[in-house]
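Here's the structure we're looking at; comments come further down.
Residue numbers (our numbering), protein chains in the order written: chain B, 1 to 590; chain X, 591 to 743.
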């Protein structure tokens, strides 16, 4: 028996959802029949729309997919304008105000508090400026990621043309629009591992191979990476090399294989990582060759994994923050956006600064940061003097640049704890109160609200994941703590060593952890090496929760509020559902 | 073989130590712990990293925990003939998405609180009728507990 989602998808899915979306936008949120709402909200994801959580049910999050995180000149301003016009709700966030833009770990953009009635206008504004929310969510090709500076920073092989070709070929492509599950693709040309290919369903990573006596640069292909559902997997090499010009054909074969062989009966088992578990790379390659491509696949070339430094545990940041030289003698300036959230006014200012000193282009990184590109050397000083950079630093403190957080209970239906504002408080407290050991400049702390892992906690030095515990007789928000995750030549997922640490004791636990690291460190070993040499007991002993001067105002169960920061946060006080003007459709409590 | 002290840096009385079991560390070296006057001392025994196989990773939770999980903060207990262990627990009631032909009841105790028991989750399959029987009993006893607590207060 197919799942409900598969049944809904078999009826209406892909491009055709749009006409229904417009129909409901015209007739209003309340016109969606109750018994069809689950089906429609599932389908709307394909067009980048997620219904916000319980208590905010007539509001939507929109994800805008920007291939490789590239915002062409003018597009950042469009995003800021749309945010200012449409993305404010009935309550303010105390840290970020009433309107803001989220830069995501998959180099996309998320806006919140959108009303269904406004979606057609927003789509038209996006699309007339070359932007789109198509397939940003749902069971199809998601936003393609890579090193955000592809095409401008040094690369072994040019990735951006391949990313554009894949995006053009697979966005809106009826043959690939209804896959068994989401399909995340990374294409990297840089030799440092910065495309995070290992955690994607399909990864193209730089490689070279001698073919007909000539050294050819291209990509090795890996399949089946991903972090979700407590089942993290590193993508597995399938012994395939492709020239850049053939990458789209190889990708089409693999995507079609997934379409035909992925598990449509169990969404928990649907990602291709589970098919890879079942088949192994040899069978995967054989089936791909026999049934899904009509050319001879090349065997794998020599990869560059030995050179991978990005998030490899060493002291090389790899996050592209700061001032760096481009291939064309111009410069790019990476700015730290704490937890990836930027006020809409600041986003407009970012657009202005990028336009004034660079080409107007802005790029989004997989660490939720932004990069201003194409800055001539003579403009650098003036750019670095801009007031915007006081809040979005090109030289941030390690605890600031290392922080990543997902959406959390503020909006998300899955999360069980507050995340973004909490991670801001954590980072500020740690910066004020904790010294990093000598030479440690790169220290990643990722906070995810649940096991879905949107903040990619398993590849951080310190991984935080939402949980609950009891403290002084009260149920309070808590975090599981993992240690020692990262990518590089030999990626390693975090070890989950602490469970249910009350949120107000987590900063103390991190402080104590770093003190122990400093105390027991052997020579100049990295934090990841330090964690790697601990046995199970030792690892558990590294977690010493402690109350400190850190205070957490959101200890209570925020998922039970309609909005954690509302003056009256009880579910009964929710104004939702609301109409197209934001007025409640029914009494708040009847 | 070299012997190096791992922690704490300055042992006060080594003569009265008694060794605990040897354990393999994550980088392939071997370590052991000694206890003296309530203080744990850790020693690394062998720095040869090339011989030992990789350590198994620390166990992650087996059950996903999201806002859809039925109950994420419960007091649990596991009883065996030789021991009883208490830990926080997660309980989830659901039906499989693939062929939802039974109700699934899942229980997992927090692994970091377990000394004896291997980290695991338990899963019970219930027919709809069995699930309703269980629900009815839960309701019945919930009312009994409600009544008792009302009397108490």
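Built from N, CA and C at the ideal position, the CB exists for glycine as well.
Computed from a predicted structure; not experimentally measured.
Taking the Cβ atom as the reference point for each residue, do residue i and residue j lie within a distance shorter than 9 Å?
i, j, result
"residue 591/B", "residue 343/B", "Outside the modelled stretch of chain B, which goes from 1 to 590, sits residue 591/B, for which no answer is possible."
"residue 500/B", "residue 467/B", "yes"
"residue 544/B", "residue 494/B", "no"
"residue 140/B", "residue 176/B", "yes"
"residue 478/B", "residue 502/B", "yes"
"residue 114/B", "residue 64/B", "no"
"residue 218/B", "residue 157/B", "yes"
"residue 338/B", "residue 400/B", "yes"
"residue 42/B", "residue 9/B", "yes"
"residue 224/B", "residue 283/B", "no"
"residue 123/B", "residue 40/B", "no"
"residue 257/B", "residue 288/B", "yes"
"residue 155/B", "residue 191/B", "yes"
"residue 160/B", "residue 68/B", "yes"
"residue 695/X", "residue 724/X", "yes"
"residue 101/B", "residue 91/B", "no"
"residue 312/B", "residue 193/B", "yes"
"residue 340/B", "residue 420/B", "yes"
"residue 236/B", "residue 222/B", "yes"
Residue i lies in the beta strand (DSSP E); which residues open and close that run?
i, result
"residue 103/B", "100 to 103"
"residue 216/B", "214 to 223"
"residue 335/B", "331 to 335"
"residue 260/B", "Per DSSP, residue 260/B belongs to no beta strand (DSSP E); it is in the alpha helix (DSSP H), 247 to 261."
"residue 684/X", "674 to 684"
"residue 209/B", "202 to 211"
"residue 470/B", "462 to 471"
Could you work out which residue in the options is closest to residue i when comparing CA atoms only?
i, options, result
"residue 553/B", "103/B, 369/B, 375/B and 504/B", "504/B"
"residue 498/B", "703/X, 723/X, 742/X and 715/X", "703/X"
"residue 373/B", "48/B, 143/B and 73/B", "73/B"
"residue 677/X", "743/X, 667/X and 686/X", "667/X"
"residue 380/B", "367/B, 174/B and 322/B", "322/B"
"residue 53/B", "444/B, 581/B and 417/B", "417/B"
"residue 82/B", "269/B, 240/B and 99/B", "99/B"
"residue 255/B", "377/B, 179/B and 318/B", "179/B"
"residue 391/B", "526/B, 34/B and 95/B", "95/B"
"residue 251/B", "308/B, 169/B and 268/B", "169/B"
"residue 133/B", "92/B, 152/B and 45/B", "45/B"
"residue 238/B", "488/B, 129/B, 204/B and 582/B", "204/B"
"residue 404/B", "529/B, 368/B, 36/B and 247/B", "368/B"
"residue 240/B", "415/B, 583/B, 584/B and 202/B", "202/B"
"residue 307/B", "345/B, 490/B, 464/B and 71/B", "490/B"
"residue 443/B", "465/B, 514/B and 388/B", "514/B"
Could you please give the first and the last residue of the uninterrupted alpha helix (DSSP H) stretch that includes residue i?
i, result
"residue 429/B", "420 to 433"
"residue 517/B", "506 to 520"
"residue 10/B", "4 to 11"
"residue 738/X", "718 to 742"
"residue 50/B", "Segment 49 to 51 is the beta strand (DSSP E) holding residue 50/B; no alpha helix (DSSP H) there."
"residue 273/B", "272 to 287"
"residue 121/B", "119 to 127"
"residue 381/B", "380 to 384"
At a Cβ cut of 7 Å, what residues of the segment 448 to 473 of chain B count as close to chain X, listed as they run along the chain? 450, 451, 452, 467, 468, 469 and 470
Using a Cβ distance threshold of 8 Å, determine whether the segment 298 to 307 of chain B contacts the segment 194 to 211 of chain B, with at least three qualifying pairs required. yes
When you compare the segment 405 to 420 of chain B with the segment 558 to 576 of chain B, are there three or more beta-carbon pairs, one atom per stretch, that lie closer than 8 Å? yes
Contact set between the segment 414 to 426 of chain B and chain X, restricted to residues whose Cβ is under 8 Å from the partner: 414, 415 and 416
Using 8 Å as the Cβ pair cut-off and three pairs as the minimum, do the segment 526 to 544 of chain B and the segment 564 to 584 of chain B touch? no
Scan the segment 659 to 680 of chain X for residues whose Cβ lies nearer than 7 Å to a Cβ of chain B and list them as they occur along the chain. 662, 663 and 678
For the segment 491 to 506 of chain B, list every residue whose C-beta sits within 8 Å of some C-beta in chain X, in sequence order. 493, 495, 496, 497, 498, 499 and 500
Please confirm if the segment 451 to 464 of chain B is in contact with the segment 391 to 399 of chain B, defined as three or more CB-CB distances below 8 Å between the two stretches. no
Assess, as a yes-or-no matter, whether the segment 103 to 114 of chain B is touched by the segment 54 to 63 of chain B under the definition of 3 or more beta carbon pairs within less than 8 Å. yes
Given a limit of 9 Å on CB to CB distance, which residues of the segment 536 to 556 of chain B reach chain X? 536, 537, 538, 539, 540, 541 and 543
Is the segment 444 to 454 of chain B touching the segment 647 to 663 of chain X in the sense that three or more CB pairs, one from each, lie closer than 8 Å? yes
Could you name the residues of the segment 261 to 286 of chain B whose beta carbon sits closer than 9 Å to any beta carbon of chain X, in the order they occur along the chain? 263, 265, 266, 267, 268 and 269
With a threshold of 8 Å, are at least 3 pairs of Cβ atoms found where one atom belongs to the segment 311 to 327 of chain B and the other to the segment 361 to 373 of chain B? yes
Along the segment 699 to 722 of chain X, what residues have a CB closer than 8 Å to any CB found in chain B? 700, 701, 702 and 703
Residues in the segment 218 to 235 of chain B with C-beta within 7 Å of chain X's C-beta atoms, listed in sequence order? 229 and 230
Counting Cβ pairs closer than 8 Å, one from the segment 348 to 362 of chain B and one from the segment 227 to 246 of chain B, do we hit at least three? no
To be precise: take each residue of the segment 555 to 584 of chain B, compare its Cβ to all Cβ atoms of chain X, and keep it if any distance is under 7 Å. Which residues remain? 559
Could you say if the segment 179 to 188 of chain B and the segment 144 to 152 of chain B meet the contact criterion of at least three C-beta pairs nearer than 8 Å? yes
Residues of the segment 179 to 207 of chain B in Cβ contact with chain X at a cutoff of 8 Å, in chain order, please. none
Quick one: which residues of the segment 24 to 43 of chain B get their C-beta closer than 8 Å to a C-beta of chain X? List them in chain order. none
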